[in-house]
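A.B. asks: For the sequence shown, the positions run 2 to 80 when the working numbering is used.
Note that beta-carbon positions come from the ideal geometry of N, C-alpha and C, so glycine has one too.
Please read all numbers here as calculations on a predicted model, not as lab measurements.
Take this structure, written in structure tokens, and hold onto it; I'll ask about it next.
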Amino acid sequence: LFNTKHMTEILLESIIKAINTELKNGLIYVVIDNNYNHYNCYEPIDIYDGGNKIGFYDDEDTRIILNHKEIDGIKIAKM
Numbered sequence: 002l003f004n005t006k007h008m009t010e011i012l013l014e015s016i017i018k019a020i021n022t023e024l025k026n027g028l029i030y031v032v033i034d035n036n037y038n039h040y041n042c043y044e045p046i047d048i049y050d051g052g053n054k055i056g057f058y059d060d061e062d063t064r065i066i067l068n069h070k071e072i073d074g075i076k077i078a079k080m
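And the structure:
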């Protein structure tokens, strides 16, 4: 039996792995939203801390690391 926190981490990790496959093909980019910003991401996303955090470079080449609780949405967009 999984608790809600563990399920969220597993879900986020699964989504990121699927997205990374498509990002490597160069046909999509990802928009990651939180309370303060939205970030465009064109390169594969890293997973840290057992699925608790993700790291990526935004379209200004700034390294962003977000806790899974800070993420409001992940959208996929075509190039």
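Would DSSP call D73 helix, strand or coil?
C.D. replies: Sequence index remark: in the sequence shown, residue 73 carries index 72 (1-based). DSSP places D73 in coil when its eight states are reduced to three.
A.B. asks: Helix, strand or coil for I20, going by three-state DSSP, please let me know.
C.D. replies: Position 19 of the sequence shown, counted from the first residue, corresponds to residue 20. Residue state, collapsed to three classes: helix.
A.B. asks: Can you tell me which of L28, L67, I46 and D34 puts its alpha carbon nearest to the alpha carbon of I16?
C.D. replies: Translated into positions along the sequence shown, residue 16 becomes position 15. Residue I46 is the option with its Cα nearest to I16.
A.B. asks: In the DSSP assignment, find the unbroken beta strand (DSSP E) run with D47 in it and report its ends.
C.D. replies: Residue mapping note: residue 47 aligns to position 46 of the sequence shown, counting from 1. Element bounds for D47: D47 to Y49.
A.B. asks: Name the DSSP bridge partner or partners of D34?
C.D. replies: Position 33 of the sequence shown, counting from 1, holds the residue named residue 34. According to DSSP, which records beta bridges pairwise, D34 is partnered with H39 and G74.
A.B. asks: With a CB to CB cut of under 7 Å and the five nearest residues on each side skipped, what residues in its chain are close to E14?
C.D. replies: The sequence position of residue 14 within the sequence shown is 13, counting from 1. Excluding sequence neighbours, E14 sits near I48 and G52.
A.B. asks: Within 7 Å: the Cβ of E23 and any heavy atom of the ligand GTP?
C.D. replies: The model depicted lacks the ligand GTP and carries no ligand whatsoever.
A.B. asks: How is the beta strand (DSSP E) around N68 delimited, first residue to last?
C.D. replies: Stepping through the sequence shown from its first residue, residue 68 is reached at position 67. N68 -> beta strand (DSSP E) spans R64 to N68.
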